[in-house]
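Chains as they are written, first to last, in our numbering: chain A, 1 to 154; chain B, 1001 to 1154; chain C, 2001 to 2154; chain D, 3001 to 3154. Backbone N, C-alpha and C fix where the C-beta goes; we use that ideal spot for every residue, glycine too. What you are looking at is a predicted structure, and each value in this text was computed from that prediction instead of being measured. Below is one structure, written out as structure tokens; the observations come after it.
There are 4 protein chains.
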Amino acid sequence: MPKLLVSKWLNTHDEISVAKLRGNVVLVYVFQMLCPACILHSIPQANKIHQMFAPQKLQVLGLHSVFEHHDAMKEHSLRAFMHEFKVKFPVGIDKESIRRKGTIPQTMEKYAMQGTPTLLIYDKNGELKFQEFGHMDDLELGFILGTLISEAVS
Amino acid sequence: MPKLLVSKWLNTHDEISVAKLRGNVVLVYVFQMLCPACILHSIPQANKIHQMFAPQKLQVLGLHSVFEHHDAMKEHSLRAFMHEFKVKFPVGIDKESIRRKGTIPQTMEKYAMQGTPTLLIYDKNGELKFQEFGHMDDLELGFILGTLISEAVS
Amino acid sequence: MPKLLVSKWLNTHDEISVAKLRGNVVLVYVFQMLCPACILHSIPQANKIHQMFAPQKLQVLGLHSVFEHHDAMKEHSLRAFMHEFKVKFPVGIDKESIRRKGTIPQTMEKYAMQGTPTLLIYDKNGELKFQEFGHMDDLELGFILGTLISEAVS
Amino acid sequence: MPKLLVSKWLNTHDEISVAKLRGNVVLVYVFQMLCPACILHSIPQANKIHQMFAPQKLQVLGLHSVFEHHDAMKEHSLRAFMHEFKVKFPVGIDKESIRRKGTIPQTMEKYAMQGTPTLLIYDKNGELKFQEFGHMDDLELGFILGTLISEAVS
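Here it is as structure tokens:
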């Protein structure tokens, strides 16, 4: 299960919990709402996967990891963004750094991410199988999802 | 010359004035920073025209006309957006409505625009020749620009 | 194993045989060299899959099924097409109809295909799992390939 | 007027003559039917211009200049190609070289073209203003057309 350090979840009434995701392949799209590659490529791909693979034991999540322009990407702005770009899957807000406010948030630091977009892919047992910086090609991603969903839970 | 009701210009030290634009074809891209069609199509086209036609007696301007999600699209957010999307041409902030705050801004109302993106094209004499809601095709727009730039100032 | 009725194989020195393909997922791109959707979408996708998934127990094949403009799509034309479009996987020429020359070729008729492009996908046991007329989305196709390659040979 | 050395015109009942084109801006798309960049970019652009600018004193022409795979691109193949790709403007067949058959055709040699696609643009007086190898951007091409159509015939 993804160890995401999240201050708040949007687009969901439930806690995103270990119990809930167990047995599902989990995709986490780490993004910033004002990151061009995220808007042009990752969010459309995430929306598409969320729609196509809903019944396939696959859960798409977003993680809003703000590491620059913090004032321009607060929760109310993120909500407006998600409304305009029709993001329907749960999105967590990456916890702000305690030591150094206005810098890299906690999950982003923990995973040593290089920036956004970053894609995290977990298998049904909650093990992180892929962490990729930049956009992943549809064919390659589809192949990974087909492979991971075919695996049995151990 | 465009009669734009602007509270502040960004990306320019000068006032955008009649005298300055006289003799130039002027393109005004009216947008909202969280409008998907603006981000996907209009801003890239505006950037491209700004780069391609700089020496051609053509001036590209932006007008940020916020008619929804006002809190998410204030000046500091717009500045972050312009930095991330590499917008280098002058952008004016459409004046807020006096009577009814948080609704349609003044230039947008004056021109009876239907939404964003809207493109305003003025000839060298400052006369509004085209007002188009939605994205305009590159071939058609290039043709209009070639035609208007070929005209003499009257 | 695909029951393809082929008069000649190009791009391969070997016979494309049951023994050879057994244990592989097999994709057959049925196309005509002058079919716009084949050129714009299917051949590029086939080339990409051929390059990406070579080591993955996956075999890409082409089948040239000419059902119109027969004179314009003979073997020497097909060879020029394959050279120009960098088709590197084996391509079979669908056998001409015996009864009615210049009409629908034998494999196309046998499978009751509606036209080109058509994609045939076989699992590792040689069973036809998908027959799709028109272009298949990259995400969906990647998912199918990941699923089929994960299956054991029975 | 373009000095095109053409053995036969397709898609037109008239001779393409000086008198007919005088006063029109003339675009000549030089292509080979099995040239990938021609199929992917030039023919679609030519079709679009032919449809958009018909009433604008603009004539789109094609020139089929075969310099390789001659057997695969004879007239009957070209006709099938034009049918499939919905080419509705007149297309001339570049005259075969007399001295060296199966090499570069006469117009292509005369203009010292580097390959296909090549775009020739003539003003209303029949003067060649642009000769560009490779695909020309829509915005730039639209701009050139708008400029040339605005010129008076001298």
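Asked                                                                                                                                                                         : Found
Take the Cβ of residue 2046 of chain C as the centre, count every other Cβ of all protein chains shown within 10 Å, and call the residue buried at 16 or more, exposed below. : buried
Name, please, each residue of chain A whose Cβ falls closer than 9 Å to the Cβ of residue 2094 of chain C.                                                                    : The premise fails here: residue 2094 of chain C is roughly 26 Å from chain A at the closest Cβ pair, so nothing lies under 9 Å.
What in chain A is Cβ-close to residue 1080 of chain B, meaning under 7 Å?                                                                                                    : 34, 69, 72
With DSSP run on the structure shown, which of helix, strand or coil describes residue 123 of chain A?                                                                        : coil
Are the beta-carbon atoms belonging to residue 3092 of chain D and residue 3057 of chain D less than 9 Å from one another?                                                    : no
Count the other CB atoms within 10 Å of the CB of residue 3050 of chain D; is the residue buried (16 or more) or exposed (fewer)?                                             : buried
What is the rounded straight-line gap between the Cα of residue 144 of chain A and the Cα of residue 3133 of chain D?                                                         : 41 Å
Once you ignore the five residues that flank residue 3148 of chain D on each side, which residues in its own chain have a CB closer than 6 Å to its CB?                       : 3025, 3123
Go to residue 1008 of chain B, then tell me how far its beta strand (DSSP E) extends in each direction, as first and last residue.                                            : 1006-1010
Please report whether the beta-carbon of residue 133 of chain A lies at a distance below 9 Å from any beta-carbon of chain B.                                                 : no
So for residue 3053 of chain D, helix, strand or coil by DSSP?                                                                                                                : coil
Buried or exposed: which applies to residue 2012 of chain C, given that a residue is buried once 16 or more other Cβ atoms fall within 10 Å of its Cβ?                        : exposed
Looking at residue 77 of chain A: is its Cβ nearer than 9 Å to the Cβ of residue 1077 of chain B?                                                                             : yes
Counting only C-beta atoms, is residue 2061 of chain C closer than 9 Å to chain D at any point?                                                                               : no
Listing by chain order, which chain C residues have their CB less than 8 Å from the CB of residue 3050 of chain D?                                                            : Ordered by position in chain C, no residue passes the 8 Å Cβ test against residue 3050 of chain D, which lies about 17 Å from the chain.
Expressed to the nearest angstrom, what Euclidean distance is found between the alpha-carbon atoms of residue 152 of chain A and residue 2151 of chain C?                     : 12 Å
Classify residue 2146 of chain C as helix, strand or coil using the three-state DSSP reduction.                                                                               : helix
Give me the DSSP bridge partner(s) of residue 1130 of chain B.                                                                                                                : B:1121
Name the chain A residues that come within less than 9 Å of residue 2097 of chain C, Cβ to Cβ?                                                                                : Here the premise fails: no neighbours, minimum Cβ distance about 35 Å.
How many Å lie between residue 3030 of chain D and residue 36 of chain A at the Cα?                                                                                           : 37 Å
Taking 6 Å as the limit between beta carbons, can you name the residues of its chain near residue 2005 of chain C, skipping five residues before and five after?              : 2095, 2106, 2107
So that I know if they touch, is there some Cβ in chain B lying closer than 9 Å to that of residue 3123 of chain D?                                                           : no
Which residue marks the beginning of the alpha helix (DSSP H) containing residue 3078 of chain D, and which one marks its end?                                                : 3075-3084
Could you tell me the alpha carbon to alpha carbon distance between residue 2043 of chain C and residue 3104 of chain D, rounded to whole angstroms?                          : 28 Å
Is there a Cβ of chain C sitting closer than 9 Å to that of residue 140 of chain A, yes or no?                                                                                : yes
Taking DSSP's pairing of strands, which residues face residue 3021 of chain D in a bridge?                                                                                    : Answer is none; residue 3021 of chain D lacks a bridge partner.
At what residues does the alpha helix (DSSP H) containing residue 106 of chain A begin and finish?                                                                            : 106-110
For residue 2034 of chain C, name the three-state secondary structure that DSSP assigns.                                                                                      : coil
Over what stretch of residues does the beta strand (DSSP E) that includes residue 1092 of chain B continue unbroken?                                                          : 1091-1094
In the DSSP assignment, the beta strand (DSSP E) including residue 2059 of chain C goes from what residue to what residue?                                                    : 2058-2064
Which whole-angstrom value is the C-beta distance of residue 40 of chain A and residue 1081 of chain B, which I expect to be below 8 Å?                                       : Contact flag wrong, Cβ pair sits at about 14 Å.
Any idea if residue 2069 of chain C is buried or exposed, counting beta-carbon neighbours within 10 angstroms, 16 or more meaning buried?                                     : buried
Using a C-beta cutoff of 9 Å, does residue 3045 of chain D count as contacting chain B?                                                                                       : yes
May I have the straight-line CA-CA distance separating residue 1135 of chain B from residue 1117 of chain B, to the nearest angstrom?                                         : 7 Å
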